[in-house]
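In what follows, a single structure is set out as structure tokens and then discussed.
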Amino acid sequence: MTTLVFWTSATGSPQNLPSDWNTSSNTIHAIGEGGKGVKGSVGGKGGGGGGGGAWQSIANYSGAAGASTTFTIGAGGTSTKTQFNSSSTLVADFGVNASTTNGGAGGLVANCFPTTGGHAGGTGGTANASNNNDGGGGGGGSGGPTGAGKNGGGS
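Using this note's numbering, the first residue of the sequence shown is number 3, and each one after it goes up by one.
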């Protein structure tokens, strides 16, 4: 029987590994927080979209069944990497906040741990800087197990 556990920022750290934890058959996934978009102005230009967080995973984590394990998950827009246990166990990079009309960069696999095998987040969309009353850029999608996040749309 497979046990599926979701830990989120609302779950709170630390948490205990499940009592049926199998050190030779488990997979842990992490997604970095997304970047914050920029608010447009009334009658003005739209803001850029935030970048999507990167995705990374590890297999066969050796923690003992029932053991207490720490994790960090950013609240979005705080430039906090998602981390499981320690920075040398599992880390997923965050998406960058937008700046004025420019979309933020997506989280990078090179800033994850492990530094290979993950998928980058998409870049946030850029708002049209020349026209007033246009919408803002869309946020970049997060990376996931099947590929990189898509880029946000521009206005």
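Heads up, the beta-carbon is just placed ideally off N, CA and C, and yes, glycines get one too.
Cβ neighbour criterion (16 or more within 10 Å) applied to residue i
i, result
"D22", "exposed"
"L6", "exposed"
"G45", "exposed"
"N62", "exposed"
"N133", "exposed"
"A150", "buried"
Backbone CA spacing between residue i and residue j [nearest angstrom]
i, j, result
"G39", "S144", "14 Å"
"N153", "G109", "12 Å"
"G123", "N113", "12 Å"
"N135", "G50", "14 Å"
"G34", "G76", "8 Å"
"S64", "T29", "11 Å"
"T25", "T4", "13 Å"
"A66", "S90", "17 Å"
"P147", "N18", "24 Å"
CB contact flag (residue i, residue j, <7 Å)
i, j, result
"T74", "T103", "no"
"G141", "G156", "no"
"T84", "A12", "no"
"V111", "G105", "no"
"G48", "G42", "yes"
Under the three-state DSSP convention, the category residue i falls into
i, result
"N113", "helix"
"N104", "strand"
"I33", "strand"
"A94", "strand"
"I60", "strand"
"N133", "coil"
"G151", "coil"
"S21", "coil"
"T5", "coil"
"T118", "coil"
"G140", "coil"
"T82", "coil"
"G51", "coil"
"S26", "coil"
"T10", "coil"
"G146", "strand"
"S43", "coil"
Distance cut-off 6 Å: residue i Cβ against heavy atoms of the ligand ATP
i, result
"G124", "Ligands displayed in this structure: none; no statement on the ligand ATP is therefore possible."
Inter-stretch contact (C-beta, 8 Å, three-pair minimum) for the segment 53-64 and the segment 87-95: yes
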